[in-house]
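*Asks:* Protein chains in written order, with our numbering: chain L, 587 to 897; chain Y, 587 to 897; chain C, 587 to 897; chain F, 587 to 897. All C-beta atoms, glycine included, are put in the ideal place defined by N, C-alpha and C. Keep in mind that this is a model prediction, so the values were computed, not measured. This structure is in structure tokens; I'll ask about it shortly.
4 protein chains.
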Amino acid sequence: MALDDTARAELAAQRAETYSTRRATVPALEDVLYQALPVLDHGFVRVIDYMGDDAAIVQAARVSYGKGTKKTREDEGLIRYLMRHRHTTPFEMCEIKFHIKLPIFVARQWIRHRMANVNEYSARYSIMDREFYIPAPDQLAAQSTHNRQGRGDVLQGAEAARVLELLRDDSIRAYDHYEEMLNERQDGGVIDAERTGLARELARMNLPLNFYTQWYWKIDLHNLFHFLNVRADSHAQYEIRVYAELMLDLIQKWVPLAFGAFRDYRMGGVELSAQGIAVVKRMLAGESVTEANSTMSAREWRELMTTLGRG
Amino acid sequence: MALDDTARAELAAQRAETYSTRRATVPALEDVLYQALPVLDHGFVRVIDYMGDDAAIVQAARVSYGKGTKKTREDEGLIRYLMRHRHTTPFEMCEIKFHIKLPIFVARQWIRHRMANVNEYSARYSIMDREFYIPAPDQLAAQSTHNRQGRGDVLQGAEAARVLELLRDDSIRAYDHYEEMLNERQDGGVIDAERTGLARELARMNLPLNFYTQWYWKIDLHNLFHFLNVRADSHAQYEIRVYAELMLDLIQKWVPLAFGAFRDYRMGGVELSAQGIAVVKRMLAGESVTEANSTMSAREWRELMTTLGRG
Amino acid sequence: MALDDTARAELAAQRAETYSTRRATVPALEDVLYQALPVLDHGFVRVIDYMGDDAAIVQAARVSYGKGTKKTREDEGLIRYLMRHRHTTPFEMCEIKFHIKLPIFVARQWIRHRMANVNEYSARYSIMDREFYIPAPDQLAAQSTHNRQGRGDVLQGAEAARVLELLRDDSIRAYDHYEEMLNERQDGGVIDAERTGLARELARMNLPLNFYTQWYWKIDLHNLFHFLNVRADSHAQYEIRVYAELMLDLIQKWVPLAFGAFRDYRMGGVELSAQGIAVVKRMLAGESVTEANSTMSAREWRELMTTLGRG
Amino acid sequence: MALDDTARAELAAQRAETYSTRRATVPALEDVLYQALPVLDHGFVRVIDYMGDDAAIVQAARVSYGKGTKKTREDEGLIRYLMRHRHTTPFEMCEIKFHIKLPIFVARQWIRHRMANVNEYSARYSIMDREFYIPAPDQLAAQSTHNRQGRGDVLQGAEAARVLELLRDDSIRAYDHYEEMLNERQDGGVIDAERTGLARELARMNLPLNFYTQWYWKIDLHNLFHFLNVRADSHAQYEIRVYAELMLDLIQKWVPLAFGAFRDYRMGGVELSAQGIAVVKRMLAGESVTEANSTMSAREWRELMTTLGRG
């Protein structure tokens, strides 16, 4: 079902009610609960529920009877220590649940993260929405010339126009034919009373990968951090990265201390190989190290120089 | 740390505070939140947090914008349908977190359930409590004569007394020696200023498997049902079954509709093999079926007869 | 890459070589190793590697030093006992690896089984094959009238012809436009030297869900049985069921004893609810039980009668 | 069962047989297959089976029809690229199975690695061996004074002797009482015909954590690398580290290219935080960076200096 007026009313009704609880509660996240935060042309991310907060991480790490927190400064130190030394289990003690609308080709990348719970809208059972993704003109990029799985410059002029036309026309035609094969419209109306209509589980195969699907997706904070580290990375495809970036904002609202540690140690951190740290030590000792005397391959040397800002 | 007065005060402080939330809330579970519900002689189960309720299962199954619930009767029908046909993912959308104190030999069975999150009290880092499990006299059972992994009759008289004496004396001595090797008492007091003390990670190896440990344990409802189905079963060892039984009560408070479906389809349900259902059909058709004409092995026949109440 | 002559030569070369090993080996499975066994119009299943055999299940269950097997009859009894009582871990000790070619809409169902290892052909990195699934005429089914996610009668005449025409034309056009947007053919040839070509990760979004993808997929026997139980079931969509059915044959070659137990206790077995087994007991006692006096809902009663062959 | 003559004969019989296979085979690992490689005073590691080799990683990464390998140099480059960029799924395509004997307190750390398959010897079903771990004198370490979960200097003289005496005496007494409670010896002999004997599942609770257990343990190469990275680390407890170190040797025999990449990028590599890499860049630019002008906490600065060899 699309985010139409009925959906908006249901969503607003859920936002309007409040309850009393003894559980750990995060007002900054409550503020945006249930809201459909827009992504791409028809997608969204909605926070449906959450369990725990920064203190819950500390509490689990200490296996404590109460909240387990001491001063904010001490809690932050412990959380950063846990992140730095990859003591991951306390981060698993926080959990979050989203409702997400996303193109199918994005969903296919997303689902590769196995440590999550998923309920997807069923195209065997229901009729898909007439909603498909068309890239904004500034995202219509050429194949990268140096990276086999990346993007290069943005297409211009006639070529760009032609691509947009093809994507749009094929999407519209695919959906028209989908309805024709079903012999039914999404509102349930029959098209031709003389015909039977193809089964939904078959007709859907005509829809291209840019059509939107939606799902409920639930994950613990440790596995979410892993997802975000991979998908908010500059090597991730733009269309999934925008979801990850929006979720980073949400996580910062939810668990600001854990988010800070994640940002410093994972998102902003770097990994150096045994050879890489040896090169750094030699450089710091004043030695002039070159690719030739580094024992590294050309590719590994190049990546190291980029990491050290000498690329 | 044991459940002493300090712990009880921390726990009470957490129970005393309430917050406002937009999240799904279950008053019957809020009532017992944080309470240490006793199990065995020194163990307990405490609910620390939860996510979702019966409606959250329906909401995820429908991938809906609002709560997704209709009439209670319809919701119940859907939940029972999901349980009956093992559509398990909507049940994964509820999550619960416990703080549990349990003997180590119970913890060793418990941890085999991998789809959960765990933070255990560290005996490398901290000193263990002087708390060990001694079975109540009515649980001091002999080895079963017909089931290699079960219990038979309860020991009596001198033999029972001797077992209790051995268990108690060995536990006390083991802990005394643990402290002596550490050269430190749990309150941090040094025993002999002339000695160094053995590392905690080594000294703990002297403690027997009946000593208590504790952990935070978080799991989704689907995997919890699986745990309970195995561990609340009559074949489970008594010492883990009592934990599972207490948790059944908690789950009934939390998600009564899902609990009802679980009770009817899993806990109380039975599985028949292809041969078993064939036998039942023949019997229902009035045929006299015997082990000899059943094509089943003696053992399979015996188990089928037990299932059918003809054991 | 499609299964062309180059691929067939590579595959044959791999089949031609043999090695000496001390590992458990299953000649019946070795016979078909690496072969591309056809499924649907362009799909296949290839066994790439396997670990263990029936004896390995027994060996792990006994935690033995040698093979752990005794007489075949005893091994079979143990394996059936393990299956009957859902002692699943010994079955996890066998592992199998497949190379599979399958339509994307099938891959989307398949990937929901999380306890497996997957490497999929990357459409960000490489160009997709011009291969798409068109149902055989006898699979062109209408929507079921009584089951919202099933198939009914086969479409006939003009309606069937029209569906096939739509599916085929839209697939061909989608791939033509995919190549046009890429400005490149799968053989690497550039179409128009004046144009830049859209990035692969974007162009792929124009392909419909009936296009074929391929992956390496590795799973342990316990989780494979679960997959097969769900996907070889009559309620599974035909297009994934045919893969599951072919795999059943392969599993029977590999671990015939475990397969027999799986067939009898899972595939051919039934589950009765607490209410269902109560009804059966009353019937066996000669009582006339009806829906009205059964305490079951209409739907549950109907499903029970079907199970008992009285539907 | 202990590794007695019967066990050695079974093991030798398994080593004596060879079979013909088309599967990827690694002679260097075949050489040690089934052998009980000793660890600690009574423990061992045995490789029982394996699936795949270095080429299988390349094959899966390329989703190829044949072996997928090109020149060794190219394969190595690809494997190192996969490791460097944490493209972990191709490493999941190799699998290995071990039979391991280890003290229970080691098993309790080990089992925390959830992504593995385990069958443990059952002390509900069978009688435990009279085998317990006593540290060698050079491992009898004091509690570390600066690290709450580490070891300091080795105990000397009377204190060391006393610890060894306590550990040994308590272990012997615990086992004697275990047998007395069971009223049965491990060979099955009844001790006192007048008594009934306590159930095995209860009697075991008297055994301390230094007793040996054993299990079959199966894991994929990616998750094994994670296990080894944590457990072969200098911060791991010595008693699990010796198992991990022995396994490193085995993995080097099995997949030398993947092992090399793992050694360079994981075991020997380092991680720098956003603040850490900023400090390195400033140092390389010739700036004099101190804790005070680094924006890092005292602890983080100290750990960075250690990493850079300036500790």
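Which term fits glycine 895/L, buried or exposed, when burial requires 16 or more other beta carbons within 10 angstroms of its beta carbon?
*Replies:* Exposed: under 16 other Cβ atoms inside 10 Å.
*Asks:* Residues of chain C with CB closer than 7 Å to the CB of arginine 781/F, please, in chain order.
*Replies:* Neighbours of arginine 781/F on chain C: none; closest Cβ ~29 Å, over 7 Å.
*Asks:* With 16 as the cutoff for other CB atoms within 10 Å, does threonine 604/C come out buried or exposed?
*Replies:* Exposed.
*Asks:* Within 8 Å of any Cβ in chain F, is that where the Cβ of glutamine 823/Y sits?
*Replies:* Yes, glutamine 823/Y lies at the interface with chain F (some Cβ there is under 8 Å from its Cβ).
*Asks:* Whose C-alpha, out of Phe813/F, Gln823/F, Thr782/F, Asp773/F, is nearest the C-alpha of leucine 788/Y?
*Replies:* Cα-wise, what sits closest to leucine 788/Y is Gln823/F.
*Asks:* Please state if the CB of aspartate 756/C and the CB of proline 721/C are separated by a distance shorter than 8 Å.
*Replies:* Not closer than 8 Å, so no.
*Asks:* Count the other CB atoms within 10 Å of the CB of glutamate 780/F; is the residue buried (16 or more) or exposed (fewer)?
*Replies:* Answer is exposed; the Cβ neighbour count stays below 16.
*Asks:* For arginine 725/Y and leucine 890/Y, what's the separation of their Cα atoms in angstroms?
*Replies:* At residue 725/Y the sequence reads glutamine, which differs from the arginine that was named. Using only the alpha carbons, I get a separation of about 29 Å.
*Asks:* Tell me which residues of the region 844–869 of chain Y have at least one Cβ-Cβ distance to chain C shorter than 8 Å, keeping chain order.
*Replies:* Taking 8 Å as the Cβ-Cβ cut-off against chain C, the residues of the region 844–869 of chain Y that qualify are Arg849, Asp850, Tyr851, Met853, Gly854, Gly855, Val856, Glu857, Leu858, Ser859, Ala860, Gln861, Gly862, Ile863, Val866, Lys867, Met869.
*Asks:* Give a yes or no on contact between the region 678–696 of chain L and the region 625–645 of chain L, applying the rule of three or more CB pairs nearer than 8 Å.
*Replies:* Flag = yes, the region 678–696 of chain L and the region 625–645 of chain L touch.
*Asks:* For the 8 Å Cβ check, are there 3 or more pairs between the region 707–715 of chain F and the region 807–823 of chain F?
*Replies:* With the cut-off at 8 Å, the region 707–715 of chain F and the region 807–823 of chain F do not touch.
*Asks:* Name the chain L residues whose beta carbon is nearer than 7 Å to that of leucine 836/F?
*Replies:* Going along chain L, no residue has its Cβ under 7 Å from leucine 836/F, so there is no contact; the nearest lies around 21 Å.
*Asks:* Return the first residue and the last residue of the alpha helix (DSSP H) that phenylalanine 684/C is part of.
*Replies:* Looking at the DSSP string, phenylalanine 684/C is not in any alpha helix (DSSP H); the run it does join, the beta strand (DSSP E), is 681–689.
*Asks:* So which of His732/C, Glu765/C, Lys653/C, His808/C has the shortest CA-CA distance to alanine 702/C?
*Replies:* Per the Cα distances, His808/C.
*Asks:* Among Arg694/F, Arg737/F, Leu597/F, Leu619/F, whose alpha-carbon lies nearest the alpha-carbon of serine 650/C?
*Replies:* The shortest C-alpha separation from serine 650/C is found at Leu597/F.
*Asks:* Measure the beta-carbon distance from leucine 741/C to leucine 768/L and round it to whole angstroms, keeping in mind my assumption that it falls under 8 Å.
*Replies:* No, leucine 741/C and leucine 768/L are not in contact; Cβ-Cβ is about 12 Å, not under 8 Å.
*Asks:* For the region 637–652 of chain F, list every residue whose C-beta sits within 8 Å of some C-beta in chain C, in sequence order.
*Replies:* So the close ones are Met637, Gly638, Ala642, Gln645, Ala646, Ala647, Val649, Ser650, Tyr651, Gly652.
*Asks:* Is there a Cβ from chain C that is less than 8 Å from the Cβ of glutamate 787/F?
*Replies:* No, because no Cβ of chain C sits closer than 8 Å to the Cβ of glutamate 787/F.
*Asks:* Looking only at DSSP bridge pairs, what is lysine 804/Y linked to?
*Replies:* DSSP output for lysine 804/Y lists Lys683/Y, Asn703/Y as bridge partner(s).
*Asks:* Since glutamate 662/L is in the alpha helix (DSSP H), which residue starts that stretch and which ends it?
*Replies:* Its alpha helix (DSSP H) spans residues 658–670.
*Asks:* Whose C-beta lies closer than 6 Å to the C-beta of glutamate 601/Y among residues of the same chain, with five residues either side of it excluded?
*Replies:* The sequence shown places arginine at residue 601/Y, rather than the glutamate named in the question. Tyr620.
*Asks:* Taking 8 Å as the CB-CB cut-off, is tyrosine 605/L touching chain C?
*Replies:* With 8 Å as the cut-off, tyrosine 605/L does not count as an interface residue toward chain C.
*Asks:* Any beta-carbon of chain Y closer than 8 Å to the one on methionine 668/C?
*Replies:* For the record, residue 668/C in the displayed sequence is leucine; it is not methionine. No, because no Cβ of chain Y sits closer than 8 Å to the Cβ of leucine 668/C.
*Asks:* Can you list the residues of chain A that glycine 654/C reaches, using a CB-CB cut of under 9 Å?
*Replies:* Of the chains in the structure shown, none is chain A; the protein chains are L, Y, C and F.
*Asks:* Less than 8 Å between the C-beta atoms of asparagine 796/C and proline 689/C, yes or no?
*Replies:* Result yes, Cβ atoms of asparagine 796/C and proline 689/C sit closer than 8 Å.
*Asks:* Among residues of its own chain, excluding the 5 on either side of glycine 629/Y, which ones have a beta-carbon nearer than 6 Å to its beta-carbon?
*Replies:* Lys687, Leu688, listed in sequence order.
*Asks:* Measuring alpha carbon to alpha carbon, tell me which residue in Arg786/Y, His732/Y, Ala595/Y is nearest glycine 736/F.
*Replies:* Checking every option, the nearest Cα to that of glycine 736/F belongs to Arg786/Y.
*Asks:* Kindly indicate if chain Y contains any beta-carbon less than 8 Å away from that of aspartate 617/F.
*Replies:* No, because no Cβ of chain Y sits closer than 8 Å to the Cβ of aspartate 617/F.
*Asks:* Nearest-angstrom Cα distance between glycine 743/F and histidine 732/F?
*Replies:* So the two alpha carbons sit approximately 23 Å from each other.
*Asks:* Would you give the residue range spanned by the beta strand (DSSP E) that aspartate 739/F belongs to?
*Replies:* Counting along the chain, the beta strand (DSSP E) containing aspartate 739/F begins and ends at 737–740.
*Asks:* Per DSSP, what kind of secondary structure is proline 624/Y in: helix, strand or coil?
*Replies:* Residue state, collapsed to three classes: strand.
*Asks:* Cβ closer than 7 Å: which chain F residues qualify as neighbours of isoleucine 697/Y?
*Replies:* Ile697, listed in chain order.
*Asks:* Per DSSP, alanine 728/F forms a beta bridge with which residues?
*Replies:* Per DSSP, Leu784/Y.
*Asks:* Taking buried to mean at least 16 other C-beta atoms within 10 Å of its own C-beta, is histidine 671/C buried or exposed?
*Replies:* Exposed.
*Asks:* Put aspartate 635/F into one of helix, strand or coil per three-state DSSP.
*Replies:* Reduced to three states, the DSSP call for aspartate 635/F is strand.
*Asks:* Given that leucine 894/Y touches chain C, what residues does it touch there, using C-beta distances under 9 Å?
*Replies:* Those within 9 Å of leucine 894/Y in chain C are Ile863, Val866, Lys867, Leu870.
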